[in-house]
Amino acid sequence: MRILLPLDKAGHSDVGKLSASASERQLVIFDEDLRIFLHGKQNETTDRITIYINDATVFQCRNCDNALKLVGTGLWELHKALIKDKVFSSNLVMNNGHKNVIKIVVQWHSSSLSVNSSTFSQDDDYLPSFVALTNASPVRALPKDEFIKESLTTELSYPIYALLNVRLKNAAISSKQQLFSSLDFQGSKSCETVAQKHALSEVKLSIDFIKYELVDNFFTKELPPLCPVAFPLEIRRWDGFSINYCLPQTKSFDTHRVKIQLGYRVSVEPHVFSIHTCWETEVAPKKNAAPAVFPSQPPSVACTPVFSSIPKFTGSSSTLVPSRLASVKFKFLCTTVVSVRNSNFTLSLQIMNSSNFPLDMVVYQTNVSARPQGQLTLEKEYRLYKKWTKVGESLILISNDYKVPVIQPSETFCLDLNFLSLASGFFQTIPGLKILDLNSQEIVNIGGALSILIK
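The sequence shown begins at 36 in the numbering used here and counts up one residue at a time.
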């Protein structure tokens, strides 16, 4: 039994052409039009098909008759709907995925006829006549032909990549009661990894169409972008695009259900992968955080006399609200970096999720300086501003708004952050480097405890 993943998408059933096309495959692109074939002899039967991504089972079937269709002599194909709905519905391979592997395991057996030697001979005793059947000796039934099943396993694995980063943002204008949605996409870091690993000059992405639709139960309505877009859009290294849409006006900014369809091609010389991605999500205005303003008339609890006269407890807020990121550890694997000005350097960040929730996070850098605490003189504020400007504008995060793959509980993930050094000096921190949890809206500063020397 052989597993074939041909690059050719033609519908022919020639085993020779499929084998030649499958031998040229070196990788799998997430959400591609993947075809999985099984080729074996007529006496070979498939028992189980299991597909893994990073040691996690994303598809498994025991009754393979319903999952496979016969397309030729000894040639079966796995239904495309199962690949689209089961295999590529997993979030294990996300934007900026790192070292992802897809593995296909097929368990099968080969049936061979075994000749049983326990047959009747002419010398066997016959049942005597006129004897009650209850007193007769038992007679052996005629044995049936037995089949010996030999269980075997066939495996096939490829690296799998997600080459396009897609993010949906929204903003509300209260004065006009309008809700705007921005669809941002750019080539991921995996494009560079694919080019280096497989000795390719360049990986090209070409977007053929984008559909942004409003969904209301069984009805859909396509929305046009605010500015006309000419397709196809060619995306090369470090290119990014944003397409804006205006959603219908509502008095209370109700949540909209939208469906996004994206079709693009990935050119990996000399082959072209055709990819169609579709997902649904909810678009709602971002909730503004309530300002931490204490009332002029404090509550009775704060006015209750206490034995301690420490003033910092009088205005303290409740700490009973749990933090989802309290059980998450962020650690740079290498805290000492020596680089040259106007060059790139990389920091490896390790994220250990010890919480009970999956983490959906984004790493970003902001250049907004913190307001000085207390009453400072104008000269002191100016010195602090110059000091922060020197540090804050010297180390720049190249891949800003870095979408981290979803990290499940008890999992550890490592990602590489690329920075550009614009000035010489010694830095113990990277100001404005933060990580945002998209589910809880919590923000953590991660740019401290570093030793960076830029010559």
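Ideal Cβ placement from N, Cα and C applies to all residues, glycine included.
Since the model is a prediction, treat every value here as computed from it, not as a measurement.
Quiz item: What residue from Pro-440, Phe-461, Asp-436, Ile-442 has the CA that sits closest to Ser-429's CA?
Solution: Counted from its first residue, the sequence shown places residue 429 at position 394. Of the candidates Pro-440, Phe-461, Asp-436, Ile-442, the one whose C-alpha sits nearest the C-alpha of Ser-429 is Phe-461.
Quiz item: Skipping 5 residues on each side, what residues in its chain have a beta carbon closer than 8 Å to that of Thr-108?
Solution: Your numbering for residue 108 matches position 73 in the sequence shown. For Thr-108, where only same-chain residues beyond five positions count, the Cβ hits under 8 Å are Gln-77.
Quiz item: Nearest CA to the CA of Asn-388: which residue from Thr-371, Leu-360, Ser-374?
Solution: If you number the sequence shown from 1, residue 388 lands on position 353. The shortest Cα separation from Asn-388 among Thr-371, Leu-360, Ser-374 belongs to Leu-360.
Quiz item: Leaving out the 5 sequence neighbours to the left and right, which residues in its chain are closer than 8 Å to Ser-48 when beta-carbon positions are compared?
Solution: As a first step, residue 48 is located in the sequence shown; it is residue number 13 there, counting from the start. Cβ neighbours of Ser-48 beyond the five flanking positions: Val-106, Gly-107, Leu-110.
Quiz prompt | Leu-471 - DSSP class collapsed to helix/strand/coil | solution = As a first step, residue 471 is located in the sequence shown; it is residue number 436 there, counting from the start. Note: Leu-471 maps to strand in three-state DSSP.
Quiz item: Sorted by chain position, which residues of the same chain lie with C-beta nearer than 6 Å to Val-201's C-beta, five sequence neighbours on each side aside?
Solution: The residue given as residue 201 occupies position 166 in the sequence shown. Scanning its chain for C-beta atoms nearer than 6 Å, with the 5 sequence neighbours on each side dropped, one finds around Val-201 the residues Phe-220, in chain order.
Quiz item: Helix or strand or just coil, what does DSSP make of Leu-485?
Solution: Indexing the sequence shown from 1 puts residue 485 at position 450. Shown here, Leu-485 sits in coil according to DSSP, grouped into three states, outside any helix or strand.
Quiz prompt | Cutoff 8 Å; reference Phe-454; Cβ partners in own chain excluding five residues on either side | solution = As a first step, residue 454 is located in the sequence shown; it is residue number 419 there, counting from the start. The residues are Asn-379, Phe-380, Thr-381, Leu-382, Leu-430, Ile-431, Leu-432, Ile-433, Ile-465.
Quiz prompt | Beta bridge counterpart(s) of Gln-213 as assigned by DSSP | solution = Looking up residue 213 in the sequence shown gives position 178. Bridge partners of Gln-213: Ile-208.
Self-check item: Start and end residues, alpha helix (DSSP H) containing Gln-231
Solution: Here residue 231 is taken as the residue at index 196 of the sequence shown, counted from 1. Looking at the DSSP string, the run of the alpha helix (DSSP H) that includes Gln-231 is 225-232.
Quiz item: Which same chain residues, not among the five before or five after Pro-267, have their C-beta less than 7 Å away from its C-beta?
Solution: Counting from one through the sequence shown, the residue named residue 267 turns up at place 232. Correct list, in chain order: Ser-241, Ile-242, Asp-243.
Exercise. Sort Lys-256, Val-229, Ile-38, Leu-473 by Cα distance to Ser-192 and report the nearest one.
Key: On the sequence shown, residue 192 is found 157 positions in, with the first residue counted as 1. Nearest option by C-alpha distance: Ile-38.
Quiz item: Taking the alpha helix (DSSP H) that Gly-51 falls in, what are its first and last residues?
Solution: Position 16 of the sequence shown holds residue 51. Start and end: 50-58.
Practice problem: Output the distance between the C-alpha atoms of Tyr-280 and Ser-223, rounded to the nearest integer angstrom. | Solution: For this step, residue 280 is matched to residue 245 along the sequence shown. For this step, residue 223 is matched to residue 188 along the sequence shown. So the two alpha carbons sit approximately 23 Å from each other.
Quiz item: With DSSP run on the structure shown, which of helix, strand or coil describes Val-328?
Solution: Within the sequence shown, the letter at position 293 stands for residue 328. Note that Val-328 has pLDDT 44, beneath the 50 cutoff, so the model's placement of it is unreliable and no number is given.
Self-check item: Sequence-distant residues of its chain with Cβ nearer than 8 Å to Leu-187 (five each side left out)
Solution: Looking up residue 187 in the sequence shown gives position 152. In its chain, beyond the 5 residues on either side, Met-36, Gln-142, Trp-143, His-144, Ser-145 have a beta carbon closer than 8 Å to the beta carbon of Leu-187.
Quiz prompt | Counted within 10 angstroms of its Cβ, other Cβ atoms place Pro-440 as buried (16 or more) or exposed | solution = Within the sequence shown, numbered from 1, the residue matching residue 440 stands at position 405. Buried is the call here.
Quiz item: If you run the structure through DSSP and keep just helix, strand and coil, what is Lys-121?
Solution: Locating residue 121 in the sequence shown gives position 86, where the first residue counts as 1. DSSP places Lys-121 in helix when its eight states are reduced to three.
Quiz item: Taking the continuous alpha helix (DSSP H) assigned at Asn-101, which residues delimit it?
Solution: Along the sequence shown, one-based indexing puts residue 101 at 66. Element bounds for Asn-101: 99-102.
Exercise. Give, in chain order, every unbroken run of the beta strand (DSSP E) that is at least 3 residues long and sits entirely within the segment 240-328.
Key: 254-257, 268-270, 275-282, 291-303, 306-318
Exercise. Express the C-alpha separation of Asn-435 and Trp-273 in angstroms, rounding to a whole number.
Key: Numbered from 1 along the sequence shown, position 238 holds the residue referred to as residue 273. Numbered from 1 along the sequence shown, position 400 holds the residue referred to as residue 435. Between Trp-273 and Asn-435, the C-alpha separation is close to 11 Å.
Self-check item: Local Cβ density within 10 Å of Asn-135, reported as buried at 16 or more and exposed below that
Solution: Stepping through the sequence shown from its first residue, residue 135 is reached at position 100. By the C-beta density criterion, Asn-135 is buried, having at least 16 other C-beta atoms within 10 angstroms.
Self-check item: Nearest-angstrom beta carbon gap, Thr-81 and Leu-69 [assumed within contact, 8 Å]
Solution: Counting from one through the sequence shown, the residue named residue 69 turns up at place 34. Counting from one through the sequence shown, the residue named residue 81 turns up at place 46. The pair is not a contact, with the Cβ atoms about 18 Å apart (cut-off 8 Å).
Quiz prompt | CB of Ile-470 within 8 Å of CB of Phe-308, strictly | solution = Reading the sequence shown from its first residue, position 435 is the one you call residue 470. Reading the sequence shown from its first residue, position 273 is the one you call residue 308. Contact: no.
Quiz item: Excluding sequence positions up to five away, which residues of its chain have a Cβ less than 6 Å from the Cβ of Thr-491?
Solution: The structure shown does not extend to residue 491, since the chain is modelled only from 36 to 490, so the question has no answer here.
Quiz item: So, helix, strand or coil for Glu-112, using DSSP?
Solution: Position 77 of the sequence shown holds residue 112. Residue state, collapsed to three classes: strand.
Practice problem: Could you tell me the distance, in whole angstroms, from the CA atom of Lys-119 to the CA atom of Ser-54? | Solution: Taking the sequence shown and counting its residues from 1, the one referred to as residue 119 is at position 84. Taking the sequence shown and counting its residues from 1, the one referred to as residue 54 is at position 19. Taking the straight line joining both Cα atoms gives about 23 Å.
Quiz item: Count the other CB atoms within 10 Å of the CB of Tyr-291; is the residue buried (16 or more) or exposed (fewer)?
Solution: Working through the sequence shown from its first residue, we reach residue 291 at position 256. Tyr is not the amino acid found at residue 291; the sequence shown has His there. Buried, because 16 or more other Cβ atoms sit within 10 Å of the Cβ of His-291.
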